[in-house]
Amino acid sequence: RGDRTVDLSNNNAAPTSTTLISRGTMLNGDVTNSFNTISGDFIMIANPYQAIVDIEDVLNDISTTGVNTEFAYLWDTTQNTRGAYITVDFSGTTASFVPSNSNATRYLRPGQALFLPVTGSSSITFKESHKDITASIAEVYRNVPVTTNRLDLRLKNSNGTILDEARIDFGSQYSNGIT
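At position 106 of the sequence shown (counting the first as 1) the number is 104 in my numbering, and the numbers step up by one without a gap.
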């Protein structure tokens, strides 16, 4: 994107060089974030550590409450010209992504954030055990193989760029009811 002089409403605006500097105390130990939210709200949470965090571990931890852990929204810089939000589907045995050509993974880089839907008052605790010190930065945006029965519908322009995508998952755990 560049500095603040870039016109964000213009997809053809030339980016400028920008250097981001972080200052402050480096966090370690458990970091708890509590939110006074109601069902239907969204929260944005960011990895507070200077280490990669497995967001599935965070969401599946017993200390995470009031959060819909089925899906989240994450900014993927590899989508479109300037990036786009993608859907992270946590409902299967491993995270999957819509659109499926996203390079995102379940690992959050230091400072990287995502939107989560909530079911009421919510609390999320990042723990030292959620850090994945074996994951490298290069692995953060790797493709994850799809292992479920699903139908992906893609709308592409004449250049083959995906403009929109929808996903339907099939499985015995689902019903024919409309929710």
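Cβ atoms here follow ideal geometry from the backbone N, Cα and C, with glycine treated the same way. The model shown is predicted, which means the values in this text are computed figures rather than measured ones.
Check: Are there 16 or more other CB atoms within 10 angstroms of the CB of LEU18, so buried, or fewer, so exposed?; Outcome: exposed
Check: Excluding the five sequence neighbours on either side, which residues of its own chain have a C-beta within less than 6 angstroms of the C-beta of SER100, listed in chain order?; Outcome: ASP74, ILE84
Check: Could you tell me which uninterrupted beta strand (DSSP E) segments, each at least 3 residues in length, are contained entirely in the region 0 to 44, listed from first to last along the chain?; Outcome: 29 to 33, 40 to 44
Check: Roughly how many angstroms separate the alpha carbons of SER7 and ASN155, rounded to a whole number?; Outcome: 21 angstroms
Check: When the Cα atoms are used, what is the spatial distance from PHE113 to ILE41?; Outcome: 6 angstroms
Check: Smallest Cα separation from ASN10: which of THR67, ASN78, THR23?; Outcome: ASN78
Check: Would you list the residues sitting across from ILE166 in a DSSP beta bridge?; Outcome: LEU149
Check: For ASP39 versus VAL116, is the C-beta spacing smaller than 7 angstroms?; Outcome: yes
Check: Can you tell me the Cβ-Cβ gap for ALA49 and ILE131, rounded? I've got them flagged as a contact below 8 angstroms.; Outcome: 6 angstroms
Check: Going by Cα to Cα distance, which pick from ARG165, PHE124, SER173, THR30 is closest to ASP52?; Outcome: PHE124
Check: Measuring only the C-alpha atoms, how far is TYR105 from MET24?; Outcome: 19 angstroms
Check: Bridge partners of ALA70, per DSSP?; Outcome: VAL86
Check: Is VAL56 buried or exposed, if buried means 16 or more other CB atoms sit within 10 Å of its CB?; Outcome: buried
Check: Could you say which of THR76, ASP150, LYS129 lies nearest to PRO185 if we only look at CA atoms?; Outcome: Nothing can be reported for residue 185, as the shown portion of the chain is limited to -1 through 177.
Check: By how many angstroms is the C-alpha of ASN26 removed from the C-alpha of THR35?; Outcome: 26 angstroms
Check: Let's see if you can read the secondary structure: which residues bound the beta strand (DSSP E) around ILE122?; Outcome: 111 to 124
Check: Span of the alpha helix (DSSP H) holding ASN58?; Outcome: 53 to 58
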